[in-house]
Amino acid sequence: IELFGSVLHSSEGRKSTALVWAMEGSAIVGGLFFALLNHLLNVLGADVRKPSTKKGRFARLRALLLRRLTLRLSKITFFSVLSLREIGDLIQSAMYKERFGTGDIIMSSEAHDSGIFFILSGMVRLQIFGKDKDGPSPMFGAVDASPVLKDT
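Residues 1186 to 1337 in our numbering are what the sequence shown lists, from first letter to last.
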C-alpha cells in the first residue's frame, strides 16, 4: 500500500499516470491469476490442505465410492434380490478391503467363518484338499478378478 501511495504521489507531481495504470493493471491481473490458481488447486484436491474442508471432501468421496460399489454388487446374481439400500447397509456394516500378497493363504479348512471374498485384481489359486492323509489334491482351478467389480 505504501508503494502504491508513493507512486500515486510521484505521478501527480510529474502529471503522468502511466505508472499508476500499470500498477493497477498488474494488481488486477495478479488477483485474477491468484483466484484462478486457487480454483484449480481446489478442483484438483488441494482443498484437503485445510482441516475444515478435509472431512467433508472425504465424506463425499466415501459416499460416491459406496454408490458405485452398491451398483456394481447389484449386478451380481447373488445380491440382485436385495434392494440398493440393503446392499449399501451390507457394505457399510460387513465389508472391508484387504490386500494379500503372493503365496498368502486367504482361507483354509481351519477357518470356520471365512465369509465371501471379491477378487478386485490379481488371481487366486483354488485348491481342494481330499480326505486322504497323503496331502492336497491337485489344483482345482484359478479364478481371475470379476469383470463386474473391476474398475473401468
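All C-beta atoms in this analysis are idealised placements derived from N, C-alpha and C, irrespective of residue type, glycine included.
Anticipated Cβ contact below 8 Å, residue i with residue j, distance rounded
| i | j | result |
| --- | --- | --- |
| residue 1259 | residue 1269 | 6 Å |
| residue 1409 | residue 1202 | Residue 1409 cannot be examined here, being either before or after the span of the chain that is shown, 1186 to 1337. |
| residue 1276 | residue 1251 | 6 Å |
Same chain only: Cβ atoms within 7 Å of residue i, ignoring 5 sequence neighbours per side
| i | result |
| --- | --- |
| residue 1192 | 1204, 1205, 1208 |
| residue 1274 | none |
Top-ranked residue by Cα proximity to residue i, from the options
| i | options | result |
| --- | --- | --- |
| residue 1254 | 1272, 1300, 1288 | 1272 |
| residue 1283 | 1300, 1227, 1274, 1190 | 1300 |
| residue 1290 | 1230, 1221, 1310 | 1310 |
| residue 1306 | 1285, 1265, 1237 | 1285 |
Distance cut-off 8 Å: residue i Cβ against heavy atoms of the ligand SAM
| i | result |
| --- | --- |
| residue 1227 | Among the components of this structure there are no ligands whatsoever, and the ligand SAM is therefore not found. |
Minimum Cβ-Cβ distance from residue i to chain B less than 9 Å
| i | result |
| --- | --- |
| residue 1288 | No chain B is part of this structure, which consists of one protein chain only. |
Cut-off 8 Å between Cβ atoms - residues of its own chain near residue i, not counting five sequence neighbours on either side
| i | result |
| --- | --- |
| residue 1230 | 1242 |
| residue 1267 | 1259, 1275 |
To test your reading of the DSSP string, which unbroken alpha helix (DSSP H) runs of 4 or more residues are found completely within the stretch 1197-1265?
1203-1228, 1236-1259
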